[in-house]
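Participant: Here the protein sequences line up with chains A and B, keeping their order. Taking my numbering, the leading residue of the first sequence gets 1, the next gets one more, and so forth. Taking my numbering, the leading residue of the second sequence gets 1001, the next gets one more, and so forth. Think of the CB as a built atom: it goes at the ideal place given N, C-alpha and C, for glycine as much as any other residue. Bear in mind that the values here come from a model prediction, so they are computed numbers and not experimental data. One structure, pasted below without further comment.
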Amino acid sequence: MEITDSVFEQLANLSRLSFSEEEKQHIKSDLQRMVSFIEKLDEVDIADVPPLLFMSNAVNVWREDEVRGSVSNSEALQNAPQHDEAFFQVPKVIKK
Amino acid sequence: MFRFSSIKDYHNALLNGQTTCVETVHYYVSQIKTAAHLNAYIEVFEQDAIARATELDNARKQNGMQGKLHGVVVGLKDVICYKGKTLTASSKILAGFTSLFNATVVDKLLAEGAIIIGRQNCDEFAMGSSNENSAYGPVLNHADNTRVPGGSSGGSAVAVQADLCMISLGSDTGGSVRQPADFCGIVGLKPTYGRISRYGLIAYASSFDQIGIFATNTEDVAIALEVISGADEFDSTVSNQPAPVCDFTEETGKKYKLAYFKEALEHPGLDPEIKAATEAFIKTLTAAGHDVQAVDFELLDYIIPTYYILTTAEASSNLSRYDGVKYGHRSSKPYEDLADFYKNNRSEGFGDEVKRRIMLGTFVLSAGYYDAYYTKAQRVRNMLRRKTQVVFNQFDAIISPTVPSPAFKISEKSNDPIEMYLADIYTVFANLVGIPGISLPLFKHSTGMPFGMQVMTSEMNEVPLLRLSKRLMQMAGLE
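Written as structure tokens, this is what we have:
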């Protein structure tokens, strides 16, 4: 599988990452090598082995649905880059 | 003069009045200052540790010694939450982030009397095998300052290696405890998947991640494991089985059935000295009456590709939470729309290796490629798990080198991600199948560097693993 410019741009967009032209060349070539490396799995005959989806053998670990305290409002805001006394502040995202 | 050898000896010294917790904390604080060039610690909680040691000394005078880890000085990898303290995963994206709660392991440590001494350097988001991917700069191996300590829990390994704490907690997704333990000449345990709560551990790849323990000896590992294991209502992936309690006096004469993978010892990337030392040790084991047999493992060359597909997929999903809204770095760059806003925050905050892995993870999960890469890797993972069950039907444990080479030079492999990934070839297996693995510092290389042997048992069998480990350490004249 070749990592073309358009594949790279699409992955960067889905990843919510942006790269300068210089970074792009560098990361793109690493990504191409990594993709070729993982394609080694094509050699494995997996026949009818189903995918392993869960590591744990546990099924449905239940607990009572009780209301409990969590972090306070001020604690929740403590690490926010921008906030007022009650809310996280985010940029205006709706354009006119 | 304080000198640490084991928790048991330290506790005796406390009971006999030969030392105090306060004196011990002063010793470690001074050790850490002297060894500042190693860059093992990002932050030292000196005042808190002294205050806690004073409380413990007073409590001991009044009520005797309480707690399995009474006064034990512990360091935490910078991915484990400690309430009120900074937590960054060695990433710029979390600069200044403060933990709002304790990880369950931290609560358990504190409940048994431990003293948390500081926050330890690591690879960014636990991604790396050399501790060179840290926003705080590389950690140096104490045995040779021109060499890496391994990763991703490099700071935690060096802290135990250089006597900067008694035990460290790290995290192990593909070898991040066992590989640095090997490079630093100490003991490093990755327990069974689900043995220890991960509440308060920054997630990298959730079907692999497990908190692990660094110590100088197997008995200290066993005590720490007993304390931090067990069910947790904040983490439903934790097993409800009781915490493993290891009695080392049982089964001292047991003859073990041990397997090793033929392909692992014949691998072209394996250092010849490491191969020779492992083979010689196998002979010693056989001579001592243990039954050691070669087992075919034709899937060896596929485990690293499988590991990277699955872990990068999980990482790309786990790390999507770092968007610069509720916490984390927010860029001051102008933006056109919301997607640009996120991209600016994330691109400035994450380092190169994290970006590479997010990109690869996004690729293997994207429409059109999902079945060819991600599902295929999950199928191979199932094959590995079935194979493992067959091996453990016949054998008590699997042994192998921990790492194919001793600690390499700083920047020797940092330009080649794939070369770096191959350092994990023997360790990722345990994470892929969920079993416990330990690295034991049995050997020394002609470069002067220590190296280890890895031992793995079937899931939830940490007690037999630790008992066997102690026997092997004794055979090597180490415990």
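Output the distance between the C-alpha atoms of B:Ile1213 and B:Leu1338, rounded to the nearest integer angstrom.
Facilitator: Those two C-alpha atoms are separated by around 41 Å.
Participant: How many whole angstroms separate the CB atoms of B:Tyr1307 and B:Val1428, which I take to be in contact at a CB cut-off of 8 Å?
Facilitator: B:Tyr1307 to B:Val1428, Cβ: 4 Å. Contact.
Participant: Mind the definition here: the region 1110 to 1119 of chain B touches the region 1068 to 1081 of chain B only if three or more C-beta pairs lie below 8 Å; say whether that holds.
Facilitator: Judged by Cβ distances under 8 Å, the region 1110 to 1119 of chain B makes contact with the region 1068 to 1081 of chain B, as three or more pairs qualify.
Participant: Can you tell me whether DSSP reads B:Val1295 as helix, strand or coil?
Facilitator: B:Val1295: strand per DSSP, three-state reduction.
Participant: Can you list, in chain order, the residues of the region 1406 to 1428 of chain B whose Cβ is nearer than 9 Å to any Cβ on chain A?
Facilitator: Against chain A - using a Cβ distance shorter than 9 Å - the residues of the region 1406 to 1428 of chain B are Asp1416, Pro1417, Ile1418, Tyr1421.
Participant: Name the DSSP bridge partner or partners of B:Leu1258?
Facilitator: B:Val1292, B:Ala1397.
Participant: Any beta carbon from chain B within less than 9 Å of A:Ala58's own beta carbon?
Facilitator: Yes, because at least one Cβ of chain B sits closer than 9 Å to the Cβ of A:Ala58.
Participant: When you compare only the Cα positions, how much space is there between B:Glu1055 and B:Val1025?
Facilitator: Their Cα atoms are separated by approximately 12 Å.
Participant: If I measure Cβ to Cβ from B:Tyr1369 and keep anything under 8 Å in the same chain, skipping five residues before and after, which residues do I get?
Facilitator: Answer for B:Tyr1369: Phe1363, listed in chain order.
Participant: Going by the CB atoms, is the gap between B:Gln1210 and B:Thr1173 shorter than 9 Å?
Facilitator: Yes, the pair counts as a contact, with Cβ atoms nearer than the cut-off.
Participant: I want to verify the contact list: residues of chain B whose CB lies under 8 Å from the CB of A:Val35, in sequence order.
Facilitator: Residues of chain B passing the Cβ test: Leu1360, Phe1363.
Participant: With contact counted as at least three CB pairs below 8 Å, one residue from each stretch, are the region 36 to 53 of chain A and the region 1369 to 1379 of chain B in contact?
Facilitator: With the cut-off at 8 Å, the region 36 to 53 of chain A and the region 1369 to 1379 of chain B touch.
Participant: Going by DSSP in three states, B:Arg1147 sits in which element: helix, strand or coil?
Facilitator: Reduced to three states, the DSSP call for B:Arg1147 is strand.
Participant: On the premise that B:Ala1181 lies in contact with B:Ser1400, defined as a C-beta separation below 8 Å, what is that separation, rounded to the nearest angstrom?
Facilitator: B:Ser1400 to B:Ala1181, Cβ: 14 Å. No contact.
Participant: Put B:Thr1019 into one of helix, strand or coil per three-state DSSP.
Facilitator: B:Thr1019 falls in the coil class under three-state DSSP.
Participant: Quick check: the region 1327 to 1338 of chain B against the region 1217 to 1231 of chain B, are there 3 or more CB pairs under 8 Å?
Facilitator: Taking 8 Å as the limit for Cβ pairs, the verdict is that the region 1217 to 1231 of chain B does not touch the region 1327 to 1338 of chain B.
Participant: Quick one: does A:Ala86 have its CB under 9 Å from some CB of chain B?
Facilitator: It does not: the Cβ of A:Ala86 has no partner Cβ on chain B nearer than 9 Å.
Participant: Given that B:Glu1233 touches chain A, what residues does it touch there, using C-beta distances under 7 Å?
Facilitator: Ordered by position in chain A, the residues that pass the 7 Å Cβ test against B:Glu1233 are Arg63.
Participant: List, from N- to C-terminal side, the alpha helix (DSSP H) runs of 4 residues or more that fit wholly inside the region 1337 to 1403 of chain B.
Facilitator: Whole alpha helix (DSSP H) segments, 4+ residues: 1338 to 1349, 1352 to 1365, 1376 to 1394.
Participant: Name the chain B residues whose beta carbon is nearer than 8 Å to that of A:Asp30?
Facilitator: Near A:Asp30 (Cβ distances below 8 Å), the residues of chain B are Arg1356, Pro1417.
Participant: Out of B:Ala1157, B:Ser1176, B:Thr1146, point me to the one whose CA is closest to B:Ser1129's CA.
Facilitator: Here the closest residue by C-alpha is B:Ser1176.
Participant: Can you confirm whether B:Tyr1082, when its beta carbon is compared against all beta carbons of chain A, has any partner nearer than 9 Å?
Facilitator: With 9 Å as the cut-off, B:Tyr1082 does not count as an interface residue toward chain A.
Participant: Within 9 Å (strictly less), CB to CB, does B:Ile1304 reach chain A?
Facilitator: Taking Cβ atoms only, chain A reaches closer than 9 Å to B:Ile1304, which makes this a yes.
Participant: Applying the criterion that 16 or more other CB atoms from any shown protein chain within 10 Å of the CB defines a buried residue, is B:Gly1349 buried or exposed?
Facilitator: Per the 10 Å Cβ criterion, buried.
Participant: Please classify B:Ala1423 as buried or exposed, where buried requires at least 16 other C-beta atoms within 10 Å of its C-beta.
Facilitator: So B:Ala1423 ends up on the buried side.
Participant: Here's a check: name, in chain order, each residue in its chain whose Cβ is nearer than 8 Å to the Cβ of B:Phe1097, leaving out the five neighbours to either side.
Facilitator: Once the five neighbours on either side are set aside, the close Cβ partners of B:Phe1097 are Thr1086, Leu1087, Thr1088, Tyr1327, Gly1328.
Participant: Quick one: which chain B residues come within Cβ less than 8 Å of A:Lys40?
Facilitator: Here the neighbours are Asp1301, Tyr1302, Pro1305.
Participant: Which ranges would you report for the alpha helix (DSSP H) in the region 1264 to 1323 of chain B if only whole runs of at least 4 residues count?
Facilitator: Fully enclosed alpha helix (DSSP H) runs of 4 or longer: 1272 to 1287, 1300 to 1318.
Participant: At which residues does the beta strand (DSSP E) containing B:Leu1440 begin and terminate?
Facilitator: Start and end: 1437 to 1444.
Participant: Look up A:Ser18 in the DSSP assignment and say whether it is helix, strand or coil.
Facilitator: The answer is coil: DSSP assigns A:Ser18 none of H, G, I, E or B.
Participant: Grab me the residues of B:Phe1208's own chain with a C-beta within less than 7 Å of its C-beta, minus the 5 sequence neighbours each way, in chain order.
Facilitator: Excluding residues within five positions, the ones whose Cβ falls inside 7 Å are Thr1173, Gly1174, Thr1311, Asn1431.
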